[in-house]
Structure formats: structure tokens, C-alpha cells
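Trainee: Protein chains in written order, with the numbering used here: chain Z, 1 to 140; chain G, 1 to 558.
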Amino acid sequence: MGWLVVLLVLLGPGGGECRAAGNFVMVANVANGLTSITPQDVQLIFLSRKRSWPDGTIIAPVINENTKIYESFSYTLLKRSPRQYLIFRKKMLFRGQGMPPPVVQTDQEVVAFVAAHAGGLGYVSPEAVTPAVKVLALSQ
Amino acid sequence: MHILRNIRSKIWACVSIALCSYLLATLATTWVNNQTKASITHVQRVDLPLFSQGLQVCNLFQAQAEDYENGLLTGEAGDVQRATLRHEQISPLLNDLVRLAGARHHELYPRILSLRDDYHDYFVMASQYYLEAVQKADIFAARKEVHQLGKLRAALEADFQSIADMLQVMTFTDLGANNQRIDHNTRLLHFLFVVFLLLTALAINWLANKEIIAPLAQVKKMITDFSRGRMVDKPRRTEGGDEIQELAVAFWRMTRELQHITVSRDYVDNIINNMSDSLVILNPDLTVQTANHATQALLGLGGEDLEGRSFRTIFSHPEASMADALFQGLLEGKAVTNFEALYLTGDEQAVPVLFSASALYLPDGSLQGISCLAHDISELKEQREQLEFLANFDKLTGLPNRNLFFDRLVRTMKEARRYGHLFALLYLDLDHFKPLNDTHGHQAGDLALQEVAKRLQQAVRDTDTVSRVGGDEFTILLSRVHNASDAMKVATKILEVMGQPFVIQGNQCVLGVSIGICLSSPELTSADVLLKNADTAMYAAKAQGRNRFMFTSPDQML
Chain Z
1 MGWLVVLLVL LGPGGGECRA AGNFVMVANV ANGLTSITPQ DVQLIFLSRK
51 RSWPDGTIIA PVINENTKIY ESFSYTLLKR SPRQYLIFRK KMLFRGQGMP
101 PPVVQTDQEV VAFVAAHAGG LGYVSPEAVT PAVKVLALSQ
Chain G
1 MHILRNIRSK IWACVSIALC SYLLATLATT WVNNQTKASI THVQRVDLPL
51 FSQGLQVCNL FQAQAEDYEN GLLTGEAGDV QRATLRHEQI SPLLNDLVRL
101 AGARHHELYP RILSLRDDYH DYFVMASQYY LEAVQKADIF AARKEVHQLG
151 KLRAALEADF QSIADMLQVM TFTDLGANNQ RIDHNTRLLH FLFVVFLLLT
201 ALAINWLANK EIIAPLAQVK KMITDFSRGR MVDKPRRTEG GDEIQELAVA
251 FWRMTRELQH ITVSRDYVDN IINNMSDSLV ILNPDLTVQT ANHATQALLG
301 LGGEDLEGRS FRTIFSHPEA SMADALFQGL LEGKAVTNFE ALYLTGDEQA
351 VPVLFSASAL YLPDGSLQGI SCLAHDISEL KEQREQLEFL ANFDKLTGLP
401 NRNLFFDRLV RTMKEARRYG HLFALLYLDL DHFKPLNDTH GHQAGDLALQ
451 EVAKRLQQAV RDTDTVSRVG GDEFTILLSR VHNASDAMKV ATKILEVMGQ
501 PFVIQGNQCV LGVSIGICLS SPELTSADVL LKNADTAMYA AKAQGRNRFM
551 FTSPDQML
């Protein structure tokens with residue numbers, strides 16, 4: 001299964017043409033019934049447009065500011081720079097339109113957060129994945 | 001209407017009605033304007049200030065929010081301070097709004113009040129959290145509070161916007177209502193104007209008709225009646241009558257006066273038509289203009305037949321030249337008085353009249369016509385002829401009496417002397433007349449005398465004159481004889497006719513006659529002597545044995 005994930009990650013973000021330096025994988029709580037997620041859903045969730053999983057669980061996204069993968073994630077899935085995303089979150093918060101996701105600095109914190117929240121969703125470097133979390137493939 | 005006692009006050013009454021109407025219209029306009037003014041004042045003092053301040057505070061609040069946002073996004077503390085400064089403007093404006101809405105019991109007052117309170121709560125939190133966030137340069141430090149504050153501000157902003165919108169809507173609604181009210185008032189004023197105009201016109205018309213036109217119509221009727229010769233009724237006198245009524249009464253008095261001092265035409269017509277004499281008025285061309293009833297009765301012609309007829313066909317005079325001169329004189333203005341003339345009736349009968357005429361002149365001196373007065377004297381003439389007859393003729397026999405006989409005798413004598421011819425006078429006396437009278441009565445005697453007269457007239461020529469000069473005495477004047485034998489022949493014929501028996505009242509009797517004849521001679525110049533001579537000869541004949549004739553002297557028989 002490991003090679004499949006790697007393949008998927010390699011293909012997924014940019015079809016082999018990654019702007020970012022590092023690759024990442026989407027991780028969810030093990031209780032999550034899904035096995036894959038679309039990039040559109042990822043974008044909607046991190047922009048606070050989509051708030052619950054199909055089974056009704058509140059989605060709890062977490063932002064990983066690990067510099068190795070943050071920019072890659074921001075550009076490929078959110079279609080904006082990390083600064084734009086920051087301003088977006090500030091405006092959202094200021095206007096009361098929604099609560100922006102919490103921010104962590106390391107992959108380990110992400111894994112811990114996702115493992116702790118049933119609706120958790122995060123992204124980490126592939127080598128940081130542990131059995132405590134479930135990797136979600138990025139489907140097209 | 002005791003006040004309206006003269007025309008001036010009546011006209012003023014009409015003017016007053018118009019002025020009252022004008023006053024009412026002005027009052028109505030004032031009332032309507034006041035209503036509009038109140039409405040506009042409301043807009044001016046409540047709607048517009050609320051609207052403008054609501055809008056202003058809404059804009060300020062939005063600007064404040066932007067300042068905060070900028071501050072948080074850029075991390076500039078100046079923005080947050082500016083936002084705080086905005087609060088210094090927003091707060092008094094909100095207080096003003098609350099005061100204004102509260103004073104006018106505005107329907108949005110509760111909402112404005114709660115808006116102010118919400119804003120103050122918000123501002124207390126915002127000034128604190130946002131300042132902290134900027135100072136820490138980490139907005140996410142107090143994520144939950146900032147998020148709540150954001151929601152609160154969004155709600156507040158919506159509230160500000162909503163109240164500003166509602167104030168705007170209310171202002172425009174009130175302005176629209178004002179427009180409608182003005183339109184409505186304009187229509188109302190138009191309607192009132194038409195109604196007032198109609199009512200005023202009707203009222204003035206009614207008043208003018210009742211107080212001026214109707215009384216004048218009464219006066220006009222009086223004048224018309226009077227001009228047509230009708231009696232004028234006394235005008236109704238009401239208390240406090242005006243000049244028109246005074247005029248009516250004065251006119252009525254004048255008609256009374258005129259009736260007293262003027263002879264009416266009817267009266268004159270009546271006199272003219274009832275006079276017994278004929279009166280004809282001629283035109284200057286001598287045609288008949290009018291003729292009275294007496295004329296129509298006298299001539300047996302109707303008024304239409306007479307009118308226009310030439311007077312020459314009516315008037316006649318035995319001497320034509322005389323009639324012409326008469327008419328010429330009349331046309332020249334000469335009067336004619338008691339001229340005996342003849343009027344020709346419709347069936348060409350002549351009626352003797354006593355004719356008087358005089359010319360009539362117009363005021364300018366021209367001839368207007370001629371008035372002809374004629375008195376019927378036919379009866380008078382008959383009476384005069386009767387008298388003349390009685391004076392000269394014997395009533396019983398119709399023969400000339402002694403008077404006429406003498407007259408003719410004298411005339412015959414004069415003619416005989418002038419022309420040198422002879423005439424003879426026979427004096428007759430009936431024989432045995434007295435016994436007849438005594439035996440058979442006077443009536444029989446009268447009948448006998450009438451028979452004698454008839455026989456004597458038949459026995460002589462038409463030119464001879466048989467007269468009765470006494471009871472049974474007759475004379476016969478033979479106006480022309482050649483000699484004694486002519487007289488003898490006549491005498492013989494008389495004796496012959498008188499010898500025939502008389503039948504008087506069925507009784508046959510014989511009367512004789514004794515005749516004395518006197519022939520004229522130049523020496524005999526006295527009628528009395530002549531008559532006496534004949535009388536003497538008659539007595540001689542009686543003495544000779546009656547029923548014979550005798551000449552005055554034997555030599556006359558030669």
C-alpha cells in the first residue's frame with residue numbers, strides 16, 4: 001500500500017510538476033470512513049466553506065506551518081500564497097464569518113491533533129505518517 | 001327684507017354675497033394650506049433629520065469597521081485609534097437620534113434605543129480586543145472573542161443599515177403622502193371653487209331677480225298696459241318699498257291724473273258716432289277718410305264702402321260750378337256754413353242736407369283734411385212744402401186757392417199787358433149746392449166739390465188755372481184767348497160737363513153752375529176790379545135763371 005500512496009502523492013498535487021519543494025499527504029482520524037478526498041473538498045474545508053463530513057462529524061482541519069510542505073499545500077490545494085491565506089483567515093475571523101483552523105508548526109503536532117479529533121484533517125510529510133492516523137488519497 | 005329699501009343696498013347685498021363667497025374660499029384655502037404646512041413641517045423636523053443622521057451614523061459605523069479591519073490586517077495601531085475617534089462622532093449622533101425619535105414618539109424609537117445600547121456594548125469590547133490583537137500582532141490569539149465580535153458587528157451593521165433604510169423609506173413615504181395630499185387639496189379646492197361659484201351665481205341671480213328685475217318687470221307691465229289703453233292696477237305696496245316701487249306708484253298716480261285731465265279717444269269716438277248729424281272727415285285729395293255712423297245710416301253705405309271714396313260722388317249740387325267753387329274754397333281753407341246741398345245715397349237718392357265744412361290743419365300749418373258736417377233737412381223741406389201748399393192750394397180739392405189765384409191773376413195781367421194779348425177770367429158759383437149740402441151732409445158736399453174740381457180741370461187747357469176761391473165758388477183764368485168766343489166756348493163746355501148728373505154716395509143729383517166772364521182790356525189794370533166785374537157778371541147770370549154764363553158787359557161778347 002505504501003508505494004501506492006507515494007505514487008498517488010507524486011501524481012496528485014501537480015501531475016509530477018510540483019512547485020513546492022516537499023510532498024505531503026492528507027491524514028484523517030482513523031475513525032473516518034473515507035479513503036480518499038478531492039482537492040476541491042480540501043480547499044473548501046480549509047477555507048471554512050465545508051464544515052462536516054458525510055456522516056455528520058464536524059470537520060476539524062488543522063494548518064501545518066511546517067515550512068517544508070506548507071507552501072506546497074497552500075499553492076497546490078488552496079490556490080493561493082500562504083500570505084493570501086493568512087489575510088483570508090484574518091478577514092474571516094474579524095468579520096465573524098467563521099472560525100479559522102488552528103495552526104501548528106510540526107508534522108507531529110498534526111498527527112497528534114488528528115488522532116485526538118474524530119473529524120480531524122491535516123497534511124503531513126509522508127514520512128511523518130503514523131498508524132494513529134489514516135491517510136486519505138487525493139482523488140481527481 | 002327691510003334692509004333692502006333702496007337699489008344701492010340691493011346691489012351691495014349682491015356684492016356682499018360675492019365677497020362672502022370669496023371669504024369662504026379663502027378660508028378653505030387657508031385650512032388646506034395649514035394642513036399641508038403641518039405635514040411638510042413633520043417631514044422637515046422629524047423625517048429629514050432622522051434620515052440624514054441615521055445615514056450619517058450608518059456610514060460612520062461602516063468607516064469605523066473598516067478602520068478596525070485595516071488595523072487588524074496591517075497591524076497599524078493608528079487605524080484602531082482612528083476607529084476610536086470615530087466613536088466620538090458616532091456616540092453623540094446616536095444620542096441625538098434617540099432624543100429626536102423619543103421626543104416625536106417615533107415608531108423606530110425602541111429599535112434606535114437598543115441599537116445605541118448594542119453599539120456601546122460592542123464598542124467597549126472592540127476597543128479592548130482589537131487593540132490587544134494589534135498590540136500583540138496576533139489576531140488569532142483571542143480567536144473566539146474576535147469571531148464573536150465580528151458576528152456582533154455584522155449584526156449591528158445590518159441593524160444600522162436597516163434603520164437607515166427604514167428612515168429613508170419613511171421620509172419618502174411622508175413626502176409622497178404630502179404630494180398626494182397636495183393633489184387631493186387641489187382637487188378639493190377646485191371642487192369648492194365650482195360649488196361656491198355656482199352657489200354665488202344662483203344666490204345673486206335669485207336676489208337680483210326678486211329685488212330688482214321682478215319689480216322692474218311690474219313697472220314695465222304697467223307701462224305696456226297703459227300704452228294699450230288698459231286700466232293700470234295699483235302696485236302692491238310693501239313696507240319699506242324701494243325706488244322701483246316709488247317709481248311704480250308715481251307712474252300709477254300719473255295714469256290716474258292723465259285719465260282725469262285727458263278726454264279719451266273712446267269718449268270722442270263715442271260722441272262722434274252717437275251724434276245725429278253726419279260727420280265726414282276728408283283727406284286733402286277729397287276722398288273720405290272716416291265717416292260716422294250717422295253718415296253711414298244717411299247714405300245707406302258701410303264704413304268700408306265710404307272709406308277712400310271721392311266726396312264728389314256723394315256731394316251734389318244742382319249747379320255744378322257752385323260745387324266746384326265750394327270745394328276749391330275748402331281746399332284753400334275757407335269755411336262753409338249752412339249751405340243747402342244734396343247728398344247722394346248708395347241707391348242714387350238725393351237727400352237734402354244743411355252742409356257745413358271747415359279745413360283741419362296740422363301743427364306745421366299743412367292741410368290735414370276737411371271735416372264735413374251735414375244735417376238732414378229732408379223732413380224740414382217736406383214740412384215747408386206742406387205749408388206752402390196749404391198757403392196756396394185748397395186742401396179739399398187740391399186746386400189753387402184765392403191767394404195763389406190772385407198771384408197768378410196779377411202775373412197774367414202783367415204778361416198780357418207786356419205782350420198785348422187777351423185773357424179771360426171766369427167766375428163760377430154752383431147752383432143748388434146749399435140744398436145738397438143740407439140734405440146729404442157736408443161729406444157729400446165735399447165729395448161733390450171734388451168732382452166739380454175734377455170736371456173743371458178736364459174742361460180747360462193745361463195752361464189755364466182753375467181755383468177755388470170760396471165755399472162753392474171757383475174761378476178759371478184762361479191765360480190766352482183771342483176773343484170772347486174762345487171764352488164762350490170754354491164756358492159752354494163747362495156748362496155741358498157740369499150738366500151731367502153727379503153720383504154722390506149712391507145718390508144721383510144734378511148741379512148747375514152760373515158763370516160770369518170778364519175779358520181783359522187795357523183799361524182794366526186792377527185785379528180786384530177784374531174779379532169784381534166777373535163776380536158781378538156771375539150774379540147777373542144767376543139772376544137770369546142760373547146755369548148759364550154772362551159777360552160783364554154786352555159789348556164784350558162782340
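Note that beta-carbon positions come from the ideal geometry of N, C-alpha and C, so glycine has one too.
1. Tell me where the beta strand (DSSP E) around GLY499 (chain G) begins and ends.
2. Can you list, in chain order, the residues of the stretch 70 to 88 of chain Z whose Cβ is nearer than 8 Å to any Cβ on chain G?
3. Thinking just about the alpha-carbon of each residue, which of G:SER321, G:PRO284, G:VAL351 is nearest to the one in LEU362 (chain G)?
4. Considering only the beta carbon of each residue, do VAL497 (chain G) and ARG548 (chain G) sit closer than 7 Å?
5. Report the rounded CA-to-CA distance for GLY119 (chain Z) versus GLN89 (chain G), giving the unit in angstroms.
6. Assuming contact is defined by CB atoms lying nearer than 7 Å, are VAL150 (chain Z) and VAL114 (chain Z) in contact in what I supplied?
7. Could you tell me the alpha carbon to alpha carbon distance between ARG104 (chain G) and HIS120 (chain G), rounded to whole angstroms?
8. So is GLU69 (chain G) in contact with chain Z if we call contact Cβ pairs under 7 Å?
9. May I have the straight-line CA-CA distance separating PRO110 (chain G) from LEU167 (chain G), to the nearest angstrom?
10. Can you tell me which of the three DSSP states LYS68 (chain Z) falls into?
11. So that I know if they touch, is there some Cβ in chain Z lying closer than 7 Å to that of VAL80 (chain G)?
12. Can you give me the Cβ contacts of PHE440 (chain G) inside the same chain, cut-off strictly under 7 Å, excluding the 5 residues immediately before and after it?
13. Measuring only between beta-carbons, confirm whether GLY150 (chain G) sits less than 7 Å from chain Z.
14. Taking only runs of the beta strand (DSSP E) that begin and end inside the stretch 364 to 448 of chain G, which ones reach a length of at least 3 residues, in chain order?
15. Quick one: Cα of HIS117 (chain Z) to Cα of ALA141 (chain G), how far?
16. Within the same chain, show all residues whose beta-carbon is closer than 7 Å to that of ALA250 (chain G), passing over the 5 residues directly before and after it, in chain order.
17. State the start and end residues of the unbroken beta strand (DSSP E) segment that holds ILE281 (chain G).
18. Is PHE355 (chain G) helix, strand or coil when you go by DSSP?
19. Using the beta-carbon of each residue, which ones in chain Z are nearer than 7 Å to ALA126 (chain G)?
20. According to DSSP, is ARG338 (chain G) part of a helix, a strand, or is it coil?
21. Taking 7 Å as the CB-CB cut-off, is ALA154 (chain G) touching chain Z?
22. The beta strand (DSSP E) spanning GLN289 (chain G) covers which residue range?
23. CB-CB under 7 Å to SER127 (chain G), same chain, minus the five flanking residues each way: which ones, in chain order?
24. Within 10 Å of its beta-carbon, does GLY300 (chain G) have 16 or more other beta-carbons around it, so buried, or fewer, so exposed?
25. Return the residue from the list Z:THR67, Z:SER48, Z:THR35 that minimises the CA-CA distance to PHE24 (chain Z).
26. Secondary structure at ARG143 (chain G), three-state DSSP: helix, strand or coil?
27. Name, in chain order, the residues that DSSP records as bridge partners for ALA137 (chain Z).
28. Taking the alpha-carbon positions, what's the PHE277 (chain G) to LEU342 (chain G) distance?
29. So which of G:ALA177, G:ILE7, G:ASP165, G:SER21 has the shortest CA-CA distance to GLN35 (chain G)?
30. Among G:ASP438, G:HIS421, G:THR465, which one has its Cα closest to the Cα of SER520 (chain G)?
31. Compute the distance between the beta-carbons of LEU426 (chain G) and ILE517 (chain G), then report whether it is under 7 Å.
32. Considering only residues of the same chain and omitting the five flanking positions on each side of ILE494 (chain G), which have a CB-CB separation below 6 Å?
33. Does the Cβ-Cβ distance between ALA77 (chain G) and VAL134 (chain G) come in under 7 Å?
34. Give every residue of the same chain whose Cβ lies closer than 8 Å to the Cβ of VAL98 (chain G), excluding the five residues on either side of it in the sequence, and list them in chain order.
35. Closest Cβ-Cβ distance between LEU73 (chain G) and chain Z: below 7 Å?
36. Is it a yes or a no for the stretch 14 to 21 of chain G touching the stretch 89 to 103 of chain Z, going by three-plus beta-carbon pairs under 8 Å?
Mentor: This is what the structure gives:
1. That residue, GLY499 (chain G), is in no beta strand (DSSP E); its alpha helix (DSSP H) goes 484 to 499.
2. ILE87
3. G:PRO284
4. no
5. 47 Å
6. The structure shown does not extend to residue 150 (chain Z), since chain Z spans only 1 to 140, so no value can be given for it.
7. 23 Å
8. yes
9. 14 Å
10. coil
11. no
12. In the sequence on display, residue 440 (chain G) carries His and not Phe. The answer, listed in chain order, is ILE504, GLN505, ASN507.
13. yes
14. 367 to 376, 422 to 431
15. 21 Å
16. none
17. 278 to 282
18. strand
19. Neighbours of ALA126 (chain G) on chain Z: none; closest Cβ ~10 Å, over 7 Å.
20. A quick correction: the sequence has Asn, not Arg, at residue 338 (chain G). ASN338 (chain G): strand per DSSP, three-state reduction.
21. yes
22. 288 to 291
23. THR84
24. exposed
25. Z:THR67
26. helix
27. Z:SER36
28. A small correction: the amino acid at residue 277 (chain G) is Asp; Phe does not occupy that position in the sequence shown. Distance between the alpha carbons of ASP277 (chain G) and LEU342 (chain G): 14 Å.
29. G:ALA177
30. G:HIS421
31. yes
32. ALA459
33. yes
34. TYR109, ILE112, LEU113, ARG116
35. yes
36. no
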